[in-house]
Structures are given as structure tokens and as C-alpha cells.
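Undergrad: At position 19 of the sequence shown (counting the first as 1) the number is 73 in our numbering, and the numbers step up by one without a gap.
Have a look at this one.
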Amino acid sequence: MHIPEERVHETAEVMNKLGGAVTTVIYPNMPHTVIYDEIEHVRKMMAAVL
Numbered sequence: 055m056h057i058p059e060e061r062v063h064e065t066a067e068v069m070n071k072l073g074g075a076v077t078t079v080i081y082p083n084m085p086h087t088v089i090y091d092e093i094e095h096v097r098k099m100m101a102a103v104l
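Here it is as C-alpha cells:
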């Protein structure tokens, strides 16, 4: 499944306006999936909160 990059930026803008902390990373030519880099990012976010 492909999510258009434009939609990613639109969603990030909405989340920012709602007060969310948003990190947007575009991985060129990568299918919509979960990769190690993203898991590490979430792990660090959770460690900072817990």
C-alpha cells in the first residue's frame, strides 16, 4: 500500500495544530511497512516518558 507523501505532510500539519509532537520521516522507495529505524524511534520516545 502506498500513502502519498502529500497526505503524510497534511496529516502531520493537522496533528501539529492539535498540539501533537510530530516527527515526519520520508523513506524514499520504501513500501508502507514498519522498519527497525521506526521501532528504535518509538522505543526512545517511550523510554523518555516512562
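Using N, Cα and C, we set each Cβ at its ideal position, and we do this for glycine too.
(1) Pick helix, strand or coil for Val79, following the three-state DSSP scheme.
(2) What's the gap between the Cα of Ala101 and the Cα of Glu94?
(3) Specify the secondary structure class of Thr65 as computed by DSSP and reduced to three states.
(4) Please tell me whether Val76 and Met84 are closer than 9 Å, where the distance is taken between their beta carbons.
TA: Once the coordinates are examined:
(1) coil
(2) 10 Å
(3) helix
(4) no
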